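Q:
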Amino acid sequence: MSERPPREPRRPGARPPFAGRPGGRPAFPPRRPKGGRPPPWEGADDVALLYGWHTVAEALGNPKRKFRRILATENAVNRLAEEGLALPIAPEIVRPSEIDKLLGPDAVHQGLLAEADHLPSPPLSKVAKADLVLVLDQITDPHNVGAIVRSAAAFAVGAIVTTARHSPPATGVLAKSASGGLEHVPFCLVQNLARALTELKDNGMLVVGLDSEGAADLEDTPLRAPLALVLGAEGKGLRQLTRETCDVLARIDLPGVIKSLNVSNAAALSLGMARRALKRN
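Using this note's numbering, the first residue of the sequence shown is number 52, and each one after it goes up by one.
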């Protein structure tokens with residue numbers, strides 16, 4: 052089953068990306084960043100949209116998050132003051148309906164919408180020093196990735212490694228689903244996942260791919276820090292080159308009638324197993 056991400060809300064006042072070009076695509080592929088800088092998310096705006104109480108409140112508490120614009124209702128501003136959350140810039144006081152118009156009727160914004168810079172992507176060399184990281188192999192649904200980020204924050208994951216292409220940017224629906232987790236778990240964006248996994252291995256990391264055809268249950272697989280858990284998209288799973296690059300493949304055995312989990316649930320379960328294993332070791 053292929054994942055189809057929902058339409059993201061457009062940044063207030065922004066033009067559609069690549070406006071006026073057939074198919075909405077750029078005439079030429081984006082150039083590879085120079086100087087070792089991480090690549091940007093493909094097709095993403097340069098501004099992250101953050102909405103909802105937990106998402107915006109956690110961002111306000113993050114000194115690395117740079118805000119450009121904040122739209123808030125009077126009630127939201129009063130609540131922020133009661134919680135002792137200082138606003139780095141003066142907010143625009145609006146009615147809830149004005150935020151509804153920008154985000155759509157289904158977005159639960161709780162009177163808060165912010166435009167901010169994307170958080171910086173750490174280098175792989177720094178990521179490899181964490182005791183536990185997650186690697187996402189072309190998981191495209193922002194709801195799923197957001198839920199994974201939330202679990203990653205709960206289990207103290209050092210970073211999430213993913214490709215700049217075929218990955219949803221950390222904005223809008225993803226940020227809302229992460230419920231503030233974006234401020235605690237950085238995304239490390241890479242051009243080529245197999246090369247990134249090889250670099251993690253060269254830095255001493257054990258790379259374990261989650262795969263239904265794994266040799267053993269993850270619970271029975273010897274794990275040690277530093278550890279990278281690799282998850283693939285629902286239906287497709289890990290790509291062949293990703294599978295071949297992992298040190299070991301492990302499965303998650305389930306005792307019930309249903310033998311598969313949503314990828315975000317599988318991430319939470321595998322992170323719990325990994326944390327227990329690392330604590331024992």
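Glycine included, every Cβ here is placed at the ideal spot set by N, Cα and C. Quick caveat: nothing in here was measured; it's all calculated off a predicted structure.
From N113, L136, L233, V281, pick the residue whose C-alpha is nearest to that of A247; which is it?
A: V281
Q: Need the endpoints of the beta strand (DSSP E) that R120 sits in, please.
A: 118 to 123
Q: When you compare only the Cα positions, how much space is there between I190 and D271?
A: 26 Å
Q: Excluding the five sequence neighbours on either side, which residues of its own chain have a C-beta within less than 6 Å of the C-beta of V107, listed in chain order?
A: L101, L163, A165
Q: When you compare each of S202, D262, I150 to G223 by their alpha carbons, which one comes out closest?
A: I150
Q: So, helix, strand or coil for G288, using DSSP?
A: DSSP places G288 in strand when its eight states are reduced to three.
Q: Would you say P89 touches the ligand HEM, meaning its beta carbon is less than 7 Å from a heavy atom?
A: Questions concerning the ligand HEM fall outside what the structure shown contains, since it holds no ligand whatsoever.
Q: Using only CA atoms, which one of G283, W104, A325, P139 lies nearest to N313?
A: G283
Q: When we look at the beta-carbon of R83 and count the other beta-carbons within 10 Å, is it buried (16 or more) or exposed?
A: The pLDDT assigned to R83 is 40, lower than 50, so where the model puts this residue is not dependable; a value taken from the coordinates is nonetheless given after this. Exposed is the call here.
Q: Excluding the 5 residues preceding and the 5 following L337 in the sequence, name in chain order all residues of the same chain whose CB lies nearer than 8 Å to its CB.
A: Nothing in the structure corresponds to residue 337, since the chain is present only between 52 and 332.
Q: Only counting the same chain, and skipping five residues up and downstream in sequence, which positions put a Cβ closer than 7 Å to that of H105?
A: S230, G231
Q: Compare the beta carbon distance of L300 and D262 with 8 Å and say whether it is the shorter of the two.
A: yes
Q: For A319, count neighbouring Cβ atoms within 10 angstroms of its own Cβ and tell me buried if that reaches 16, exposed if not.
A: buried
Q: Determine the burial state of I144: buried for a count of at least 16 other Cβ atoms within 10 Å of its Cβ, exposed for fewer.
A: Label assigned to I144: exposed.
Q: Considering just the uninterrupted stretch of the alpha helix (DSSP H) at T213, what are its terminal residues?
A: Element bounds for T213: not the alpha helix (DSSP H) but the beta strand (DSSP E), 211 to 214.
Q: For I140, count neighbouring Cβ atoms within 10 angstroms of its own Cβ and tell me buried if that reaches 16, exposed if not.
A: exposed
Q: With DSSP collapsed to three states, give me the class of R326.
A: helix
Q: Would you say P142 and L111 are within 8 Å of each other, going by their C-beta atoms?
A: Contact: no.
Q: Return helix, strand or coil for R275, following the three-state DSSP convention.
A: coil
Q: Is it true that the CB of P89 sits closer than 8 Å to the CB of S172?
A: yes
Q: With DSSP as the reference, please indicate the residues paired to R201 in a beta bridge.
A: The partner list for R201 (beta bridge, DSSP) is empty, contrary to what the question assumes.
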